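Q: For the sequence shown, the working numbering assigns the number 978 to the initial residue and increments by one for each residue that follows. Handing you a structure now.
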Amino acid sequence: MTLDAIRSVPLFASLDDEAANDLRNLLRIRDVPSGAPLFRAGDQGDAMYLIESGRVRITISDDDQKEIVLAELAQGDFFGEMAIIDGKQRSANATVTEEARLAVLSRENFLGFIHDNPKVALE
């Protein structure tokens, strides 16, 4: 994961090289097969994801349980960022649609990063 890829997330856009590198060291790389669910609406929000390769579909279910596609995400995209801020339940489903390599930032690691880099939290 490049520093520029990390800075492509608006939340991290202003990080200097040192802070971006520290954050990169907190990312966990996860290879996920096609068809695998990452999370479902109602799950506890505990991580955000940056897509290094592959594709992910974000969906919700309507009142008739029909799936509505909100987004088709690919390399360079990110999702789930609100989970590392508020820790609330997921509002949508995320499913890998093409084998993916994801960089995962846990809420716990993010909060530790903010604690150790309070200047970042102010930006």
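Every residue gets a Cβ at the ideal spot worked out from N, C-alpha and C, and that includes glycine. Here the structure is a predicted model, which is why all the values come from computation and not from measurement.
I need the boundaries of the alpha helix (DSSP H) containing Asn998, first residue and last residue.
A: 994-1001
Q: Among Ala1077, Gln1066, Arg1032, Ile1006, which has the Cα closest to the Cα of Phe1016?
A: Of the listed residues, the one whose Cα sits closest to Phe1016 is Gln1066.
Q: Where Leu1000 and Leu1079 are concerned, what is the direct C-alpha to C-alpha distance, given to the nearest angstrom?
A: 15 Å
Q: Does DSSP put Asp1020 in a helix, in a strand, or in coil?
A: coil
Q: Output needed for Gln1052: all residues of its chain with C-beta closer than 7 Å, excluding positions within five of it in sequence on either side, in chain order.
A: Ile1028, Glu1029, Ser1030
Q: Would you call the segment 992-1011 and the segment 1042-1052 in contact, with 3 or more CB pairs under 8 Å?
A: no
Q: DSSP three-state label for Leu988, please.
A: helix
Q: In this structure, how does DSSP classify Arg1084 when only helix, strand and coil are distinguished?
A: In this structure, Arg1084 counts as helix in the three-state DSSP scheme.
Q: DSSP on Met978, reduced to helix/strand/coil?
A: Coil.
Q: Just tell me which of Ser1083, Pro987, Asn1002 has its CA closest to the CA of Gly1064.
A: Ser1083
Q: Is it buried or exposed for Val1073, if we count other Cβ within 10 angstroms and need 16 for buried?
A: buried
Q: Do Ile1035 and Ala1018 have their beta-carbon atoms positioned less than 8 Å apart in this structure?
A: no
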